[in-house]
Amino acid sequence: MSYTTESELVVDDTSTAERIAGAVVGLGLVTFAFSLVGVAQVVTAETTVLGISLYDFLAGGLLLMGVGTVVLGVGSRVGTFTTSPDATPGAVTAALFGFGAFALAGLVASQFLGLGTVGWLLGATLVGGVTFAGVALAPEDIGSTLPPGVAAIGVAVLILGGILTPAFAWEPEGFSATLTGSMAIPLVLSASTLVTMWGGAKAYEGYGSKGRQTAAYLLVGINAVSIIAVLVALLLFIASKGIGPAFQDFSLVPFEWPFVTNGYSFRPEVVNGVFPAIMGTIWLVIGAVITGVPVAVAAAIFLTEYAEQGRFVGAVEIATNGLWSTPSVVYGLFGYAFLIPRLGGTTSLISGMLVLGFMLMPLCLITSREAIKAVPDEYRDASAALGVSRWETIRSVVLPAAMPGILTGVILGVGRIAGETAPILLVMAGGLRDDAPNVLGSFEFTSSQPFVANEALLESAPALPYQLYATITAGVSAENAAEFGWATAFILLVVVLSFYAIGIASRIYFRRRLNA
Amino acid sequence: MTETSSLNTNETSEPSVEATTNQSRTGQRNEETPETWVDYEFEGEPKMSVSGLDVHYGSDQALDDISIKIPEQSVTALIGPSGCGKSTFLRCLNRMNDRIRAASVDGTVTFEGQDIYQEGLDLVELRKRVGMVFQAPNPFPKSIRDNIAYGPRKHGTVQTDLLAKLTGRDDSEQEDEIVERSLRQAALWEEVNDRLDDNALGLSGGQQQRLCIARCLAVDPEVILMDEPASALDPIATAKIEDLIEELSEEYTVVIVTHNMQQAARISDQTAVFLTGGRLVEYGETDQVFENPKSQRVEDYITGKFG
């Protein structure tokens, strides 16, 4: 009998049930991966696998999974497979399955049976309610395998039977969007696969707490892999579009990379490049870090080490969090209205640096404060007991120990500001140019106050994100604007990731110094 | 560091004024106060002397009218049940309680006759002379050498930074001497002399605690306060620390808080027993306190009837 209250302590034989469940999960992983790629429209209905159309192939897989899951559940119930299920799959499972059944039944009733609003709503509610009650009252093995299995078989039949085809189109009233079959099929497939895999994973461990653990682990794992997949997909997408134009006329020996080393000369015979924009972005980040980070770290030291923990610190904390979530275009507007009139009256590199510095401050303050708080008090006690003053202690013990945390904040902040477009639009707005901002070269000493001058800082300079925006939306450059834009996007990605790499490398360095 | 330097940077202030006002308060004590035996006589001037010490954390009284004289170059053990105020008392001796905002201290504590709670006291000088070792080993996340040299460098005893090197005032040799001397005194030199530039966090717990003792010795203290220095260590490491304390007492004045009564009996010359309520109940020669306590409550505590 399957419904035992006492489970075996040692279960080591690979049973038929485990084989079936393993097959369900394995098949599910393949189907799910293909469905996701299908959602992204990388593979479509025209793709064939082993001579079968992709959607039919996936639906076939889902059908097998559904049958396998149902067999697992029923087999466990009639005692063919030794399992140890709980009395019920739980209210949350019941509610989620009920909702899923409601949605699926609603879709079928409204789109394929042609029932009116009252009809499909009634039918869907009925099916959803029955599913909820059934799952809630059923024992765990039946409750967590039968609904996903039946749903999987149903979905597979819809697709294999030619009812849900790529030609299918759903235009919900009140929306201007259309859900086409080529989008709906992979979506339904992936959702159904995921739920069926969950049931299969539970069955693999024979239900109970062990089963729930494995099933949850599977879902969380798929989630984590999906996040990485999104990142990789994004990078690959940008790279596939951008690498071609970015490496135009590239040669390794002699080293020539015109897109990166040239300016934008508006001459058709040479490759137009983004060198001025790269330099502009680098200068912006350097300027912002110099303006923002020391102030933020100093404020964090004051708030954490010196200030009385009370209302004042609380108010500063709220203000900082508010500043951090202030939209960047508001910072830009502040720079436009406040800084520009005071710094030469035109859009300029230095205004951009300052505005981005202001944006960097709150995040660096928050993370530095957390990092300083996390330094154990034992270090401060030890230093105080040696008669070392508070400031010396902060400088020689607290700050070095907090350094990795402070750097994390700087890395995150730089990642945000390096790609920031809105404030740049308002305070810097440099167009396509042939020459890079020469910040170091244009430092001059003058005989009158303030004794130093720097033309380059007071001029507008190009920056990668703004240039990308300008070329893509306004088509500033001539015929190959889109290609130029993709290449710019690729270079921007590389530049931002390089800042990340530098930050992470220095964090590793400081961590090494702290740990044995 | 010089012989003549005074703890009191404000030479004109009168140390005893505050003390008398505080002591007058002790007269208001209620009559039920149990009898105490704290009149321990010894030869020579006390290194540190405490009288009428009261400590409050907010409205909680942590120490109640403590008076005690600590002789030079000896080990004084402070024992008593948890929460009886031993650690608080220890922290009053080098004013580490200043770092707790809620703590208020009344009474007098003197170091070589000078009140350490008077106006104008130089905390740096006090803590250089009255060092402290904590319960859990707390080396800085730096190299062994940097840990030991931290105090001397910060106090300007040795200068080894880039500026000093460039201007020819490099004290690296002197620093090496201090590091070696401190580590030898803390019985750690043999174990670490080949890896002085390794991170101190890589040492074992017992080694870390001896490193902390060495770090404390490096600033040349006269008194070393130890707050249960061996409670986080295994028996072998504990034995090493105990041997070390006995050696140190030939040169330094050691005051040690411990939960371990056998430890107190083994290593201390005199023992002070604190009991609940932050009260010092008995103070005397260790042998006398353990073998023939004058207070019934102390006898109960030592024989394990309570506490």
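One line per chain: the protein sequences are U and L, in this order.
Numbered per our numbering, the first sequence finishes at 516, counting up by one with no gaps.
Numbered per our numbering, the second sequence finishes at 307, counting up by one with no gaps.
All C-beta atoms, glycine included, are put in the ideal place defined by N, C-alpha and C.
Computed from a prediction, not measured in an experiment: that's the story for all the values here.
Chain U contact residues for residue i, given Cβ-Cβ distances below 9 Å
| i | result |
| --- | --- |
| Phe140/L | Tyr379, Ala382, Ser383, Ser396, Val397, Pro400, Ala401 |
| Met48/L | Result: empty, since nearest Cβ-Cβ is about 16 Å, beyond 9 Å. |
Any C-beta of chain U under 8 Å from that of residue i
| i | result |
| --- | --- |
| Gly151/L | yes |
| Phe309/L | Because chain L here runs from 1 to 307, residue 309/L falls outside it and cannot be looked at. |
| Gly120/L | no |
| Arg99/L | yes |
| Leu201/L | yes |
| Ala186/L | no |
| Gly205/L | no |
| Ala136/L | yes |
| Val223/L | no |
With 16 other Cβ atoms within 10 Å as the buried cut-off, status of residue i
| i | result |
| --- | --- |
| Ala94/U | buried |
| Asp171/L | buried |
| Asp141/U | buried |
| Val225/U | exposed |
| Pro85/U | buried |
| Arg127/L | buried |
| Pro276/U | buried |
| Thr21/L | At Thr21/L, the pLDDT of 39 sits below 50, so the modelled position is not reliable; the number obtained from the coordinates is stated separately. So Thr21/L counts as exposed. |
| Leu166/L | exposed |
| Leu365/U | buried |
| Lys69/L | buried |
| Lys47/L | buried |
| Tyr466/U | buried |
| Ser251/U | exposed |
| Asp249/U | exposed |
| Ile308/L | This structure cannot settle anything about residue 308/L, because the visible part of chain L is limited to 1 through 307. |
| Arg101/L | exposed |
| Gly51/U | exposed |
| Val220/U | exposed |
| Leu309/L | Because residue 309/L is not part of the residues shown, which for chain L are 1 to 307, the question remains open. |
| Arg311/U | exposed |
| Ala315/U | exposed |
| Ser268/L | buried |
Closer than 8 Å to chain L by CB, residue i
| i | result |
| --- | --- |
| Ser182/U | no |
| Glu392/U | yes |
| Leu365/U | no |
| Thr454/U | Note that residue 454/U corresponds to Asn in the displayed sequence, not to Thr. No, Asn454/U does not count as interfacial toward chain L. |
| Gly314/U | no |
Listed by chain order, chain L residues near residue i by CB distance under 9 Å
| i | result |
| --- | --- |
| Val388/U | Val124, Arg127, Tyr150, Gly151, Lys154, His155 |
Cross-chain neighbours of residue i in chain L, by beta carbon under 7 Å
| i | result |
| --- | --- |
| Asn321/U | Correct list: empty, because the minimum Cβ distance to chain L is about 26 Å. |
| Leu514/U | Pro141 |
Chain-ordered chain U contacts of residue i [CB-CB under 8 Å]
| i | result |
| --- | --- |
| Asn94/L | Ala385 |
| Val219/L | Leu386, Gly387 |
Cross-chain neighbours of residue i in chain U, by beta carbon under 7 Å
| i | result |
| --- | --- |
| Met132/L | Ala385 |
- Query: Which parts of the region 445-474 of chain U are runs of the beta strand (DSSP E), unbroken and 3 residues or longer, counting only runs that do not cross its ends?
  - Reply: 452-454
- Message: So if I threshold CB-CB distances at 8 Å, which residues from the region 226-250 of chain U count as touching chain L?
- Response: none
- Item | Residues from the region 154-179 of chain L in contact with chain U, defined by Cβ distance under 8 Å | Lys154, His155
- Item | Contained alpha helix (DSSP H) runs [length at least 4] in the region 114-160 of chain U, N- to C-terminal order | 117-137, 140-143, 146-160
- In chain order, each beta strand (DSSP E) run of at least 3 residues that lies wholly inside the region 169-235 of chain L: 223-227
- Query: Could you give the uninterrupted runs of the beta strand (DSSP E) lying entirely in the region 25-82 of chain L, keeping only those of 3 residues or more?
  - Reply: 46-57, 60-71, 75-79
- Message: Restricting to runs no shorter than 4 residues, where is the alpha helix (DSSP H) found entirely within the region 210-287 of chain U?
- Response: 258-261
- Minimum length 4: unbroken alpha helix (DSSP H) runs contained in the region 229-268 of chain L: 235-248, 261-267
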